[in-house]
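Worksheet: the structure to be examined is printed underneath.
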């Protein structure tokens, strides 16, 4: 089965995904790690209205990411909704 990789910013509300990799620099990647975004972690998009921040559930937290930040998080989309 082929992986469907997308940017976190492209996902609609309710989508489940696994974090595949980050396309940001070292400082950005470290910030995400501190927030709980680790490779292989499951995330759920709680809110993506098409503009403004994207709210994501990761581990036991809700995190708001700016659209530019979310674009740098590459995920594997899961077939849950």
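In this note's numbering, the protein residues as written are -1 to 79.
Every residue, glycine too, gets a C-beta built ideally from N, C-alpha and C.
Taking one beta carbon from each stretch, the segment 60 to 76 and the segment 8 to 26 have 3 or more pairs nearer than 8 Å; the two touch.
Look at residue 11 here: in three-state DSSP terms it is coil, with no helix or strand label.
Around the beta carbon of residue 15, a 10 Å sphere encloses 16 or more other beta carbons of the protein chains shown; the residue is thus reported as buried. When C-alpha distances from residue 48 are compared across 36, 68, 77, the shortest belongs to 68. When C-alpha distances from residue 65 are compared across 77, 8, 1, the shortest belongs to 8.
Residue environment analysis places residue 52 among the buried positions, since at least 16 neighbouring C-beta atoms fall within 10 angstroms of its C-beta.
Judged by DSSP in its simplified three-state form, residue 20 adopts strand. Excluding sequence positions up to five before and after residue 1, its CB lies within less than 6 Å of the CB of 74, all in the same chain and listed in chain order.
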